[in-house]
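Take a look at the structure set out below.
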Amino acid sequence: QQKKRLDVVKPVVSVYPAASKAHLEGKSSLLCLASAMFPPLVRFSWKRQKENGQLEELPPDEREQLELRELGSTAAILLVHQPENSRYKYRCYVEHEGGRMEHQTHNNLCLFESFSVAVVPLDPLDPLQTQCRVKLLCLLYTVLIVKSLLYCCGLSLLMSLRNKGPSTCCSHAD
Numbered sequence: 001q002q003k004k005r006l007d008v009v010k011p012v013v014s015v016y017p018a019a020s021k022a023h024l025e026g027k028s029s030l031l032c033l034a035s036a037m038f039p040p041l042v043r044f045s046w047k048r049q050k051e052n053g054q055l056e057e058l059p060p061d062e063r064e065q066l067e068l069r070e071l072g073s074t075a076a077i078l079l080v081h082q083p084e085n086s087r088y089k090y091r092c093y094v095e096h097e098g099g100r101m102e103h104q105t106h107n108n109l110c111l112f113e114s115f116s117v118a119v120v121p122l123d124p125l126d127p128l129q130t131q132c133r134v135k136l137l138c139l140l141y142t143v144l145i146v147k148s149l150l151y152c153c154g155l156s157l158l159m160s161l162r163n164k165g166p167s168t169c170c171s172h173a174d
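Letter by letter, the sequence shown follows residues 1 to 174 in UniProt numbering.
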């Protein structure tokens, strides 16, 4: 069990403001990225803090969360519904076998304040390359399935011919 504990690698956690159409509809979104960890399973949670206030849980009617899992990283996008004049700092908590990590936004997040957007590529490939890779993978799996079917059919045909023995349908009586 000591060996298993040594293999655990804590995630690197980052929080960024995320750009979306929702920003125009009176909502803000934050991206919490956990990467470079092993095992790759994490759980996200969020808290907020008013200026000079205590940390509090986000009310369910003021938030939505979407999680994205890629090879080597997991991201949570928090969509926040908040009143026009409220300003909060948000903290992202990541629970992992290696412990609980937290990261907070550097600035207060205000819906009607513009902020710079950090684009974080989860996959360095462009969409066309990703689409081609998916199609190639589907083709590969199809070929493997067809190969397996042909092998099974050929094997069952050989087995049935072997069990019948030599054919006796054309015997002549002299």
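Beta carbons are placed, not taken as given, at the ideal position from N, Cα and C, and that holds for glycine.
query: The beta strand (DSSP E) with K89 in it runs from where to where?
result: Reading the sequence shown from its first residue, position 89 is the one you call residue 89. For K89, the uninterrupted beta strand (DSSP E) run begins and ends at 88-96, by DSSP.
query: What span of residues does the alpha helix (DSSP H) with P127 cover, start to end?
result: Here residue 127 refers to the residue found at position 127 when the sequence shown is read from its first residue. 127-164 is the span of the alpha helix (DSSP H), which, as asked, contains P127.
Residues near E57 in its chain [Cβ-Cβ closer than 7 Å; skip 5 each side]: Here residue 57 is taken as the residue at index 57 of the sequence shown, counted from 1. The residues are K47.
query: By DSSP, does residue 175 sit in helix, in strand, or in coil?
result: Beyond the ends of the chain as shown, which are 1 and 174, falls residue 175; an answer cannot be given.
field: 8 Å Cβ cutoff met for Y88 and K50
entry: Here residue 88 corresponds to residue number 88 of the sequence shown, with the count starting at 1. Here residue 50 corresponds to residue number 50 of the sequence shown, with the count starting at 1. Yes; because the gap between Cβ atoms is below 8 Å, this pair is in contact.
field: Local conformation of E67 per DSSP, three classes
entry: The residue labelled residue 67 in the question sits at position 67 within the sequence shown. It is a strand residue.
message: Using the Cβ count rule (16 or more neighbours within 10 Å means buried), how would you classify Y141?
response: The sequence position of residue 141 within the sequence shown is 141, counting from 1. Burial is judged here by how many other beta carbons sit within 10 angstroms of a residue's own beta carbon; Y141 has fewer than 16 and is exposed.
message: Taking 8 Å as the threshold (C-beta atoms), are L68 and S29 in contact?
response: Sequence index remark: in the sequence shown, residue 29 carries index 29 (1-based). Sequence index remark: in the sequence shown, residue 68 carries index 68 (1-based). Contact flag unset, no.
- request: Check each candidate in Q54, G72, H81, T74 and name the one with the smallest Cα separation from D61.
  value: Here residue 61 refers to the residue found at position 61 of the sequence shown. Answer by Cα proximity: H81.
- prompt: Around the C-beta of L31, are 16 or more other C-beta atoms found within 10 angstroms, so that it is buried, or is it exposed?
  reply: Start at 1 with the first residue of the sequence shown, and residue 31 comes out as number 31. So L31 ends up on the buried side.
- prompt: DSSP state of E51, grouped into three classes?
  reply: As a working mapping, residue 51 is identified with position 51 in the sequence shown. Coil at E51, not helix or strand.
message: I'd like to know whether the C-beta atoms of V8 and E97 end up nearer to each other than 8 Å.
response: Here residue 8 refers to the residue found at position 8 when the sequence shown is read from its first residue. Here residue 97 refers to the residue found at position 97 when the sequence shown is read from its first residue. In this structure, the beta-carbon distance from V8 to E97 falls below 8 Å.
task: Starting from the Cα of F44, find the closest Cα among G154, C138, V15 and give me that residue.
output: On the sequence shown, residue 44 is found 44 positions in, with the first residue counted as 1. That would be V15, whose Cα lies nearest to the Cα of F44.
- prompt: With burial defined as no fewer than 16 other Cβ atoms inside 10 Å of the residue's Cβ, what is the status of T130: buried or exposed?
  reply: Your numbering for residue 130 matches position 130 in the sequence shown. Around the C-beta of T130, fewer than 16 other C-beta atoms lie within 10 Å, and the residue is accordingly described as exposed.
task: Determine the direct distance from the alpha carbon of I145 to that of L155, and round the result to whole angstroms.
output: Here residue 155 corresponds to residue number 155 of the sequence shown, with the count starting at 1. Here residue 145 corresponds to residue number 145 of the sequence shown, with the count starting at 1. If you take the alpha carbons of L155 and I145, they lie about 15 Å apart.
- request: Can you tell me the Cβ-Cβ gap for E95 and V42, rounded? I've got them flagged as a contact below 8 Å.
  value: Along the sequence shown, read from residue 1 onward, the residue named residue 95 stands at position 95. Along the sequence shown, read from residue 1 onward, the residue named residue 42 stands at position 42. Confirmed, Cβ separation roughly 6 Å.
- request: Under 8 Å by Cβ, that's how I've got R100 and Y90 pegged, so tell me the actual separation to the nearest angstrom.
  value: Numbered from its first residue, the sequence shown carries residue 100 at position 100. Numbered from its first residue, the sequence shown carries residue 90 at position 90. Contact between R100 and Y90 is ruled out by a C-beta separation of about 16 Å, above the 8 Å threshold.
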